[in-house]
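Right, one structure below, let's go through it.
Protein chains: 2
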Amino acid sequence: MAITIKDIALKAGVSHMTVSRALNGSKLVTDETREKILLLAKQLKYKPNLHAKGLVLNKKFSIAVVFSTLSSKTAPSFLLSCLNGVYQSLTKDYNLVIKDLSQGLEHFNLSRADGVIFVSQQESDDEFIRFALAQGAKLVVVNRKIALPNVVSITVDEISAAEMAVNYLLQRDYRKIACINGPELIQSSIDRLAGYQNALTQANLTSAADFVQDGGFSIAGGFIAMQRLLALEDKPDAVFCANDEMAIGALKAINDAGLKVPSDIGLVGFNDSEICQYTTPSLTTIHKPIEQMAKLGGERLFQLINNMQLTNPVTELVAELVIRDSVR
Amino acid sequence: MAITIKDIALKAGVSHMTVSRALNGSKLVTDETREKILLLAKQLKYKPNLHAKGLVLNKKFSIAVVFSTLSSKTAPSFLLSCLNGVYQSLTKDYNLVIKDLSQGLEHFNLSRADGVIFVSQQESDDEFIRFALAQGAKLVVVNRKIALPNVVSITVDEISAAEMAVNYLLQRDYRKIACINGPELIQSSIDRLAGYQNALTQANLTSAADFVQDGGFSIAGGFIAMQRLLALEDKPDAVFCANDEMAIGALKAINDAGLKVPSDIGLVGFNDSEICQYTTPSLTTIHKPIEQMAKLGGERLFQLINNMQLTNPVTELVAELVIRDSVR
DNA sequence: TTGAAAGCGCTAACAA
DNA sequence: TTGTTAGCGCTTTCAA
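Heads up: the protein sequence lines correspond to chains A and B, in order.
Quick note on numbering: the first sequence equals residues 1 to 328 in the working numbering.
Quick note on numbering: the second sequence equals residues 1001 to 1328 in the working numbering.
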């Protein structure tokens, strides 16, 4: 078995409480005994048993990052950025546990974590949010604006971002702008579509119904959606894609059809994944600060866990247009 | 506070021990009381406190997936496939904790997990392996062949796989085959380079020293490495890239130089990430069964944790050539 | 078949 | 400043 405070107490000739105090930085120990204990702890490579600690303190020493699904619908780069961001926010002794919702809520044991970062992607996720809230879980929702009151969330203003992208296309004299959108119920899809339509409306343009195609947020979906757009009698001269993956699929379809980006068709993506710099032509896109969002989410969660005052329960980050070569 | 077995015991009019037994499927309870208790547990939404359980059973109810680094040197798709694979292997009540080695080993508390899946990528990782072994941790190493005895590992025969890739190029009548390799100390780089050289040797060809370039496993690195190859007086007519990302970078450089794949230069990648199907031209590559490897690793780890006999401590999976359009 | 007692490693509360 | 006691929620052991 591992070293415990009692082992240290024995060797130091003090009670296990003195050891506990010394180890936890209490002032009620003389410097001398503290040093002796700290040294001993180091020598013996003492590691606290967090089960025991957690049992008495009613803490779990871990936070959960929950995704709707780990295996599909989510781009690898998005997932990784999220994990990375949260991981950076972790404070000492805290573990990062990964979960998804695929097993159903009945089996979901919220009580195993001190708090949850929920990377929310669709409206149906509200069920989980209510579930977590009902159990009094410390919760930070990331990536999606939440209608429920008093929910701490970090989002990106995706409507404005999409508007910005389409405005840029308009500014570069494209007029027949189509949209390859994400899956229907996903909030990002809804917002990005709204931004697209806002921009067109403001420019007194309208978009034909078949100018909006679902690309399922995947490369393959973007490919097929673009093929449908190219099959139209009145083809678009530019396409706003609701993520980079679909833009890459679209690019492939355009190339396959013997057309050129950006001269025949302009293309804009969304997210600014690394790959955007290395397509031919490189992809003009919207930079979404995913990692920053996740990191901030983690920091907020620790504030909640430590019962600190949250100055700002709802935070909205700003995305930026990144101009490359897929727009003329 | 949450519901405990004592709460259930009180309502059921039995001792907490009977509840414990009933909940854990002991036969020493009458069917009648068992049913009463099980029903009560469900109604009260009882969730066991795994800290308490873990404390007495000396279990942690979580396994750790450890990467060398979470933030760099690793392709997002690789990381995600690993997580996904391990996640699928998880048995009831087990959490998946993600970690990296960036903090240094002194702070690494192995005792917080019942076992570790170590996704090893470089020889210097051996330090962690020895560290874990010295502490008697249950350990499964994934992705890299380990020289140490008695270490359970799941690997892919990358030497043969690389050989297969280069043999295919030879078979398609390329003769001046270069290699864009990964970072020097990474095992995969070493193996893939060996396979490349084996194939050339068997064909009685030699490769000039400057025909092997380091592309750092990144898109950007592949791009630069390809530019170097294109600047040679005697250019290659084909390039074997040690991963798909570098192949994508290389493709970009070839396009920028006004050359065509596969007519001017043939290109082969490694891993078979989704993107390979959607480059123009689509990328011929080696399919590496990453998710399967990780899942198998998880399953092996649970066998170790449950003290089961391992029939096969070292498992080597086989990679496959996936033929697409980047080779003539 | 059930229950009582003890203890896993730790900390809070109290006593000295 | 230090030590003693009790108890967090659970299981093991032993007794009934």
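We put the beta carbon where it would ideally sit given N, CA and C, even for glycine.
Outcome for residue i when other beta-carbon atoms lying within 10 angstroms are tallied against a minimum of 16
i	result
B:Asn-1312	exposed
B:Ser-1015	exposed
A:Pro-262	buried
A:Ile-323	exposed
B:Ser-1068	buried
B:Gly-1215	buried
A:Asp-114	buried
B:Pro-1048	buried
B:Arg-1034	buried
A:Val-318	exposed
B:Gly-1025	exposed
A:Ala-208	exposed
A:Gly-54	buried
A:Leu-83	buried
B:Leu-1283	buried
A:Thr-30	exposed
B:Thr-1279	buried
Within-8 angstroms CB hit, residue i to chain A
i	result
B:Thr-1004	no
B:Ala-1052	yes
B:Pro-1183	no
B:Ile-1098	yes
B:Glu-1274	yes
B:Asn-1109	yes
B:Leu-1044	no
B:Leu-1055	yes
B:Leu-1070	yes
Length of the line joining the Cα atoms of residue i and residue j
i	j	result
A:His-107	A:Leu-251	42 angstroms
A:His-287	A:Val-166	14 angstroms
A:Tyr-94	B:Leu-1090	21 angstroms
A:Leu-230	A:Ala-257	8 angstroms
B:Val-1268	B:Asp-1244	8 angstroms
A:Lys-6	A:Ile-37	11 angstroms
B:Gln-1187	A:Leu-105	41 angstroms
A:Ser-153	B:Leu-1110	33 angstroms
B:Gly-1266	A:Ile-248	21 angstroms
B:Cys-1179	B:Leu-1080	26 angstroms
A:Thr-155	B:Ser-1120	35 angstroms
B:Gly-1221	B:Arg-1228	11 angstroms
A:Thr-315	B:Ile-1098	27 angstroms
A:Ile-305	A:Lys-92	14 angstroms
B:Ser-1077	B:Ile-1219	13 angstroms
B:Cys-1184	A:Gly-85	Reading the sequence as shown, one finds Glu at residue 1184 of chain B and not Cys. Cα to Cα, B:Glu-1184 sits roughly 28 angstroms from A:Gly-85.
A:Ile-117	A:Ile-63	8 angstroms
B:Phe-1217	B:Asn-1181	7 angstroms
A:Asn-271	A:Asn-198	20 angstroms
B:Phe-1240	B:Tyr-1168	10 angstroms
B:Asn-1143	B:Leu-1044	45 angstroms
A:Leu-148	A:Val-212	30 angstroms
B:Arg-1175	B:Met-1226	17 angstroms
A:Lys-60	A:Ala-194	41 angstroms
Listed by chain order, chain B residues near residue i by CB distance under 7 angstroms
i	result
A:Val-212	Neighbours of A:Val-212 on chain B: none; closest Cβ ~21 angstroms, over 7 angstroms.
A:Tyr-278	Ile-1219, Phe-1223, Ile-1248, Gly-1249 and Lys-1252
A:Asn-255	Thr-1280
Test: residue i CB closer than 8 angstroms to a CB of chain B
i	result
A:Pro-149	no
A:Lys-47	yes
A:Asn-84	yes
A:Tyr-168	no
A:Tyr-87	yes
Residues that residue i contacts on chain A, provided the C-beta gap is smaller than 7 angstroms
i	result
B:Arg-1112	Leu-50 and Asn-95
B:Pro-1076	Pro-76, Ser-77 and Leu-80
Neighbour list for residue i in chain B, Cβ cutoff strictly below 8 angstroms
i	result
A:Asn-307	Under the 8 angstroms cutoff, chain B gives no residues; its nearest Cβ is about 17 angstroms from A:Asn-307.
* **3 or more residues per run - each beta strand (DSSP E) lying fully within the segment 1157-1209 of chain B** => Entirely contained in the segment 1157-1209 of chain B, the beta strand (DSSP E) runs reaching 3 residues are, in chain order, 1177-1181.
* Can you give, in chain order, each stretch of the alpha helix (DSSP H) that sits fully within the segment 52-111 of chain A and has at least 4 residues? -> The alpha helix (DSSP H) runs lying completely inside the segment 52-111 of chain A and spanning 4 residues or more are 76-89, given in chain order.
* beta strand (DSSP E) segments (min. 3 residues) lying fully within the segment 1116-1165 of chain B -> Counting only runs of 3 or more, we get 1139-1142 and 1152-1156.
* Would you list, in sequence order, the uninterrupted alpha helix (DSSP H) runs of no fewer than 4 residues that lie entirely inside the segment 5-47 of chain A? => Whole alpha helix (DSSP H) segments, 4+ residues: 5-12, 16-23 and 31-43.
* **beta strand (DSSP E) runs wholly inside the segment 239-273 of chain A, at least 3 long, in chain order** => If we require 3 residues or more, the beta strand (DSSP E) runs fully inside the segment 239-273 of chain A come out as 266-268.
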